[in-house]
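Here is the structure we will look at, set down as structure tokens.
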Amino acid sequence: MRRTRLLIAALAVPLISGTVTLPSAGAQPVTVSGPATEFTVLAAGEQGVAAAEDAIREAGGTVVRTNTAVGLITASAPANGFAQRVSADDAVYGAAKATAIGSAPTGKVTPKRPDVEKESRQAPRSSDKKTGTTGTDPLDDQLWGLKSVRSDMARAVQPGDKRVKVGIIDTGVDGSHPDIAPNFDRAASRNFTRDIPNDPTGAVVDGPCEFRGCVDPADHDDNGHGTHVAGTIAAAADGFGISGVAPNVSIVNLRAGQDYGLFFLQPVVDALTYAGDAGIDVVNMSFYVDPWLYNCASNPADTPEQQLEQRTITEAMTRAMNYAHRKGVTEVAALGNQHTDLGAPQPDETSPDYPASSAHPRTIENSSCLSLPVEGPHTIGVSAFGPSGAKADYSNYGPEQISVSAPGGFYRDGFGTDWYRTNENQILSAYPQNVGVAEGMIDADGNVTPEGAELGVQKAVTKDGRAAYYQFLQGTSMATPHATGVAALIVSEYGKNSRGGITMNPDAVQRVIEGTAAEMACPVPATVDYLDEGRDESFTATCEGSPSFNGFYGNGGVDAYAAVTRGRGYVRA
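Letter by letter, the sequence shown follows residues -25 to -1, 1 to 548 in mature numbering (1 follows the signal peptide of the UniProt record, and there is no 0).
Laid out in structure tokens, this is it:
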């Protein structure tokens, strides 16, 4: 799950301050002033929105917008005491601080390379760039993940149905990318976010806004993460570039992530409920909901306000995920990159990650803390393995939350071989040109820079002269879209016609994807360290379970061919 800062063009948003008058316990009003902050306020019941909106106004806030499906309201108010005041009303379940509204950017954003997703530092081998075999695209020979899930075989039976819609809940999707455009559903795509130039401390988040109102178009990606995910799921199989696991299904951008890579509660909830209302069949969720890696009900290291915030996030996400599930949405989520057993998580020293420098160390109790969305209801949780089939060093694991495993890349796979620490151990997928330029991987003339070449960035040109770019990444964020693509093929093969589209019960989709997964047994010995690979003891992991289900691989590696050829028996289990 990516955290990266990008340089974007300048359009400053003015600082907005709020001054409101509040009724006190007596007759005299109390004036509260200060910079306006956005809060997400959750109604006590999904049907009690009007009363919760009244409570917001009585507490000195202004209602900005309301998600009536789950009773989640965005409110604007001065920060001092608002969350506690509004939460004291019986009509309100809780409140969580979201973002400061506006502020002039104080500096440019320097591209940041996450430790996991951009670990490679090797130039691609000359053998990387091969011509694709029959039925595949030219760069598909570099997609070991595509072959691992047997998508190349599955497409002869079921390449995907255009009526099946896959929602990419991420940082955006570059709808103009030549490998994305043929399957991109622009009309159904939405952006639920607004760029945040700076956080309340003045630290740069998304940087200067480049579109009016700080709202990017719904076919835009200033991060690259969402476009990479979309390419793995459904890049078109058209003889150009790469192809996806389900190359004929439709891609819908449901942007809920900031340019920087943060995912706040309200946009994520809005994306999930919209998915349910808009007939989205499968959603890919390669992220966790910020600012808490784990949302704990009453962690003693957190303040009462922070505890309330986390309880609110958990309840709102639970409602939204249940809503999407009831509406027929299959929810696929990344297990995470913290190399921890989610049933016995390591201490968290990264939360809250917004605003900057606000994190503090916390002991995580498994019984009262959840990483969302993967530990929410109805999710298919996905871990990551490398080309050898070994669990990736970074991947979370554990029998408590895992459903299946999928190719996510493992740069350090193959220790002792000539493919150890090579780009092709990772996952190649689509890369927005604007992001490549901002990160210094592509120059102003559209050429791959020496640094880009070192990291394996590649360029292809269409017959009509349009450039397309591709980059290698690794992570459970890259594993999850392989599973999402298989889920989309399952809906395409076994779903029923409904109102001009196709629908399938999400529980049935999960039974098929788990029931047809390729068995992957625990390694022998079951405890694996990554010391030879240069990792410390915190990466050491123990696989628990049987060959048919265990903590490293769940029910096994997703298998697209098995899913579309022998999955029918699981549909009505």
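Note that the Cβ used here is the ideal one computed from N, Cα and C, for glycine as well.
Notebook entry, point to check: Just the Cα atoms here: how many angstroms apart are R541 and T491?
Noted result: Here residue 541 refers to the residue found at position 566 of the sequence shown. Here residue 491 refers to the residue found at position 516 of the sequence shown. R541 and T491: Cα-Cα distance of roughly 7 Å.
Check: Can R60 and G147 be called in contact, C-beta distance under 8 Å?
Finding: Here residue 60 is taken as the residue at index 85 of the sequence shown, counted from 1. Here residue 147 is taken as the residue at index 172 of the sequence shown, counted from 1. Cβ distance not < 8 Å, so R60 and G147 don't count as in contact.
Checklist line | Residue burial classification, T176 (beta-carbon count within 10 angstroms, cutoff 16) | finding: Here residue 176 is taken as the residue at index 201 of the sequence shown, counted from 1. By the 10 Å Cβ count, T176 comes out exposed.
Check: Based on Cα-Cα distance, which residue from N398, D316, G520 lies nearest to E94?
Finding: The count along the sequence shown starts at 1 and reaches residue 94 at position 119. Of N398, D316, G520, the residue nearest in Cα terms is N398.
Item checked: T43, buried or exposed, once every other Cβ within 10 Å from all chains shown has been counted against 16 -> Numbered from its first residue, the sequence shown carries residue 43 at position 68. Per the 10 Å Cβ criterion, exposed.
Note to self: Here's a check: name, in chain order, each residue in its chain whose Cβ is nearer than 7 Å to the Cβ of Y68, leaving out the five neighbours to either side.
What the structure shows: By 1-based counting over the sequence shown, the position of residue 68 is 93. The residues are L17, A18, A19, T287, E290.
Notebook entry, point to check: Under a three-way DSSP split, which group does M260 fall into?
Noted result: Taking the sequence shown and counting its residues from 1, the one referred to as residue 260 is at position 285. Of the three classes helix, strand and coil, the one that applies to M260 here is strand, per DSSP.
Checklist line | Check whether G531 and S363 have beta carbons under 8 Å apart | finding: Translated into the one-based positions of the sequence shown, residue 531 becomes position 556. Translated into the one-based positions of the sequence shown, residue 363 becomes position 388. Against a cut-off of 8 Å, the Cβ pair of S363 and G531 comes out as no contact.
Notebook entry, point to check: Using the C-alpha atoms, what's the distance from G520 back to V533?
Noted result: Walking along the sequence shown from the start, residue 533 turns up at place 558. Walking along the sequence shown from the start, residue 520 turns up at place 545. In a straight line, the C-alpha of V533 is about 18 Å away from that of G520.
Margin query: I'd like to know whether the C-beta atoms of V410 and D197 end up nearer to each other than 8 Å.
Written below: The residue you call residue 410 lines up with position 435 of the sequence shown. The residue you call residue 197 lines up with position 222 of the sequence shown. Pairing V410 with D197 gives a Cβ-Cβ distance under 8 Å.
Margin query: Looking only at its chain, what residues have a beta carbon closer than 6 Å to the beta carbon of residue 574, apart from the 5 residues adjacent to it on each side?
Written below: Residue 574 cannot be examined here, being either before or after the span of the chain that is shown, -25 to 548.
Item checked: Start and end residues, alpha helix (DSSP H) containing R40 -> Reading the sequence shown from its first residue, position 65 is the one you call residue 40. R40 -> not in any alpha helix (DSSP H); beta strand (DSSP E) instead, spanning 37 to 42.
Notebook entry, point to check: Just how far apart, CA to CA, sit F215 and A209?
Noted result: Position 240 of the sequence shown holds residue 215. Position 234 of the sequence shown holds residue 209. Answer to the nearest angstrom: the Cα atoms are 13 Å apart.
Margin query: For N311, count the other beta carbons within 10 Å of its own beta carbon; 16 or more makes it buried, fewer makes it exposed. Which is it?
Written below: Indexing the sequence shown from 1 puts residue 311 at position 336. A small correction: the amino acid at residue 311 is Gly; Asn does not occupy that position in the sequence shown. Counting Cβ neighbours within 10 Å, G311 comes out buried, since at least 16 surround it.
Notebook entry, point to check: Can the beta-carbon of Y372 be found closer than 8 Å to that of A516?
Noted result: For the purposes of this step, residue 372 is identified with residue 397 of the sequence shown, where counting begins at 1. For the purposes of this step, residue 516 is identified with residue 541 of the sequence shown, where counting begins at 1. For Y372 and A516, yes; Cβs fall inside 8 Å.
Next item on the list: Would you please state the rounded distance, in angstroms, between the beta carbons of residue 587 and G232? I believe it to be under 8 Å.
Entry: Not covered by the structure: residue 587. The range shown for the chain is -25 to 548.
Item checked: DSSP state of Q282 mapped onto helix, strand, coil -> Taking the first residue of the sequence shown as position 1, residue 282 is located at position 307. Annotated three-state conformation of Q282 is helix, per DSSP.
Notebook entry, point to check: What is the rounded straight-line gap between the Cα of S164 and the Cα of D256?
Noted result: In the sequence shown, residue 164 corresponds to position 189, counting from 1. In the sequence shown, residue 256 corresponds to position 281, counting from 1. Roughly 14 Å separates the two Cα atoms.
Margin query: Based on DSSP bridge pairs, tell me the residues matched to E306.
Written below: Position 331 of the sequence shown, counted from the start, is the residue given in the question as residue 306. DSSP, once it has assigned bridges, lists V258, T354 as partnering E306.
Note to self: What does the Cβ neighbour count give for A25, buried or exposed, with the cut at 16 atoms within 10 Å?
What the structure shows: Residue 25 sits at position 50 when you count from the first residue of the sequence shown. It counts as exposed.
Notebook entry, point to check: When the Cα atoms are used, what is the spatial distance from G450 to K137?
Noted result: For the purposes of this step, residue 450 is taken as residue 475 along the sequence shown, with counting starting at 1. For the purposes of this step, residue 137 is taken as residue 162 along the sequence shown, with counting starting at 1. Distance between the alpha carbons of G450 and K137 is about 28 Å.
Note to self: So for R486, helix, strand or coil by DSSP?
What the structure shows: Taking the sequence shown and counting its residues from 1, one reaches residue 486 at position 511. Reduced to three states, the DSSP call for R486 is helix.
Next item on the list: Output the distance between the C-alpha atoms of Y445 and P53, rounded to the nearest integer angstrom.
Entry: Your numbering for residue 445 matches position 470 in the sequence shown. Your numbering for residue 53 matches position 78 in the sequence shown. Each residue's Cα considered, the two are about 44 Å apart.
Notebook entry, point to check: Any chance the segment 327 to 337 sits against the segment 345 to 363, with 3 or more Cβ pairs inside 8 Å?
Noted result: Flag = no, the segment 327 to 337 and the segment 345 to 363 do not touch.
Notebook entry, point to check: Should the segment 262 to 273 be called in touch with the segment 314 to 333, which here means at least 3 C-beta pairs below 8 Å?
Noted result: Taking 8 Å as the limit for Cβ pairs, the verdict is that the segment 314 to 333 does touch the segment 262 to 273.
Item checked: Alpha-carbon spacing of D145 relative to V124, whole angstroms -> Start at 1 with the first residue of the sequence shown, and residue 145 comes out as number 170. Start at 1 with the first residue of the sequence shown, and residue 124 comes out as number 149. Near 23 Å, if we compare the C-alpha coordinates of V124 and D145.
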